[in-house]
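All remarks here apply to the structure that follows.
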Amino acid sequence: VDLGIAVNLTNALQVVGVDAEGGRIYLPEEDMKKFGVTSADIYDTRMTPAYRELIRFQIDRVRQLLDSARTAASSLPGRSRLAVLAVVQYTNAVLDEVLARDCDNLSEAVRISPTRKVGVV
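Each residue of the sequence shown is one higher than the last, beginning at 519 in the numbering used here.
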């Protein structure tokens, strides 16, 4: 369950700007309020310090879920365990890319190159 939630949250973090262009924001409202980020900030692609902190907070949340999934994977049989661990590694690589872009997921979608995908998994 934790892995599925982590993957879904990561998918949302990759395309915040794209979703905003379509009139959608999937970041938790409660967290946006906590960090002082408004819908207008996102729709207007304002990369404020508060927005960056919000994204770092979301990444920390996802990493906790990934740690839980990694721990749970230890009880799975061989191939299943490897599949879960591959998804955990790939998802962590996507989160690393968001951080490498200084949390800028508003100006364009965050993707990792096919070469890096192969290297990660």
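Glycine included, each C-beta is placed from N, C-alpha and C at the ideal position.
Within the same chain, no residue comes within 8 Å of D585 by CB-CB distance, once the 5 residues on both sides are set aside. In the structure shown, the three-state DSSP call for A627 is coil. Uninterrupted alpha helix (DSSP H) stretches at least 4 residues long and entirely within the segment 532-577 occur at 534-539, 547-553 and 557-561, given in chain order. The shortest CA-to-CA distance from T528 to any of K635, E615, A601 and A590 is the one to E615.
For T609, the closest C-alpha among the options T566, L572 and K635 is that of K635. Per DSSP, D622 lies in no alpha helix (DSSP H) and is assigned neither H nor E.
The beta carbon of M565 lies closer than 7 Å to those of D622 and L624 in the same chain, with the five residues before and after it left out.
With respect to the C-alpha of L572, the residue from E547, V612, A591 and T589 having the closest C-alpha is E547. V605 and D559 have their C-alpha atoms spaced approximately 32 Å apart.
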